[in-house]
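One structure is given below, encoded as structure tokens.
Number of protein chains: 2
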Amino acid sequence: MRMSEGVEWGLHCCVTLAWLEGDGPVSTARLAASFELPAAYLNKRLQALVRAGILSSTPGARGGFQLARSPERITLMDVVAAIEGTDDVFRCTEIRRRGAGAAASGREFGRPCGIATAMRQAELAWRRELAAQTLADVMAGTPASAAERTRRWFAAERTHT
Amino acid sequence: MRMSEGVEWGLHCCVTLAWLEGDGPVSTARLAASFELPAAYLNKRLQALVRAGILSSTPGARGGFQLARSPERITLMDVVAAIEGTDDVFRCTEIRRRGAGAAASGREFGRPCGIATAMRQAELAWRRELAAQTLADVMAGTPASAAERTRRWFAAERTHT
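Chains as they are written, first to last, in the working numbering: chain A, 1 to 161; chain B, 1001 to 1161.
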């Protein structure tokens, strides 16, 4: 079981866009180049972030992506949900009702399966933790040199193109 | 992102084996029939639980599987780790070092990536919750009628075969 690499891409792009705040939209090509990522695949992830209201996109030659709201208001859960969806990781297929369970009274299954309930409770602890951490929190733990270096790299790119 | 259905199978089989405690080993064929699962695939999951020390297996015509320790000492985390492995769900591929990051000093990367750290922290909350819940806890939340029905079903199976 593995989370899509798009989550790592999306989170890093959001942090980059937060660092470049005020510089106007950033194109997929430049974001892709800044991490050496395949532009077409990255664009799909960025579009998913737009649909989730995390990024806004501006069309046209000078267009691209910007954060749609401040890093304090974007949680890790928002980005994970935008890229991975919101389905439970553990999906109960109710095997308890099959085979030996087929003859059971419906009443026995009135309560949700104890296994599914316990698994869901654990997953909620994960989602709560993801929802408790914002992009701003993550950025606060990143060395200032990374932000400066990123700004310099994009500024140099702008000069060249 | 989805957990293997083998986790649901493994957890239900462990609960069933706990209910049948004292009846001797239970074969893959009978466990598979009790949930209408494909026996060959189920066997792979059961073997993984044996390798993890959760089940013990007895070879031979009357052989099969039993819990290797009491349900109080088997956590949901044990079963998930046995079936899914222990790799992080979010895997950092260090894209921060590529492209714009290639020119950065190594010192900037001395600390782990803030994104990876935050994602790992959230995942730990999930694993802690899985590790805090035992099979015995799950069984305590299951209707007694399910345990009785399961015992009756396996007893009838034994008579027929």
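Yeah, the Cβ is synthetic: ideal placement off N, Cα and C, and Gly gets one too.
Minimum Cβ-Cβ distance from residue i to chain A less than 8 Å
i	result
Val1089/B	yes
Gly1063/B	no
Gln1133/B	yes
Trp1019/B	no
Thr1150/B	yes
Contact list for residue i against chain B, beta-carbon separation under 7 Å
i	result
Val138/A	Gly1114, Ile1115 and Ala1118
Gln121/A	Glu1129
Amino acids of chain A, ordered along the chain, whose beta-carbon sits closer than 9 Å to that of residue i
i	result
Gly1006/B	Within 9 Å Cβ-Cβ: nothing; Gly1006/B doesn't reach chain A, min ~11 Å.
Leu1037/B	Ile95, Arg98 and Gly99
Min CB distance residue i to chain B below 8 Å
i	result
Glu56/A	Per the sequence presented here, residue 56/A reads as Ser, with Glu not at that position. It does not; no Cβ of chain B falls within 8 Å.
Pro25/A	no
Gln47/A	no
Ile74/A	no
Glu84/A	yes
Ala33/A	yes
Beta-carbon proximity check, residue i vs residue j, cutoff 8 Å
i	j	result
Glu123/A	Trp1009/B	no
Leu17/A	Arg151/A	no
Phe1065/B	Arg98/A	no
Leu11/A	Val89/A	no
Arg1030/B	Glu1157/B	yes
Ala52/A	Ala82/A	yes
Arg1002/B	Arg120/A	no
Ala27/A	Gly63/A	Contrary to the premise, residue 27/A reads as Ser rather than Ala in this sequence. Taking 8 Å as the Cβ cut-off, Ser27/A and Gly63/A qualify as a contacting pair.
Leu1055/B	Ala1068/B	yes
Ala1118/B	Leu76/A	yes
Cys113/A	Ile74/A	no
Ile95/A	Leu1037/B	yes
Bridge-paired residues (DSSP) for residue i
i	result
Phe1065/B	Val1026/B and Ser1057/B
Thr1162/B	Here chain B covers residues 1001 to 1161 and nothing more, so residue 1162/B does not appear.
Amino acids of chain B, ordered along the chain, whose beta-carbon sits closer than 8 Å to that of residue i
i	result
Pro176/A	Absent from the structure is residue 176/A, since the part of chain A shown begins at 1 and ends at 161.
Ala104/A	Ser1145, Ala1146 and Arg1149
Under 7 Å by beta carbon: chain A residues contacting residue i
i	result
Leu1011/B	Ile115
Under 9 Å from the C-beta of residue i: neighbouring residues of chain B
i	result
Ser70/A	Within 9 Å Cβ-Cβ: nothing; Ser70/A doesn't reach chain B, min ~17 Å.
Arg51/A	Going along chain B, no residue has its Cβ under 9 Å from Arg51/A, so there is no contact; the nearest lies around 18 Å.
Chain A contact residues for residue i, given Cβ-Cβ distances below 8 Å
i	result
Trp1126/B	Ala122, Glu123, Ala125, Trp126 and Glu129
Stretch-stretch touch, CB-based, cutoff 8 Å, three pairs: the region 129-148 of chain A with the region 1135-1144 of chain B: no
Segment contact, 8 Å Cβ cut-off, at least three pairs: the region 1106-1114 of chain B with the region 97-115 of chain A: no
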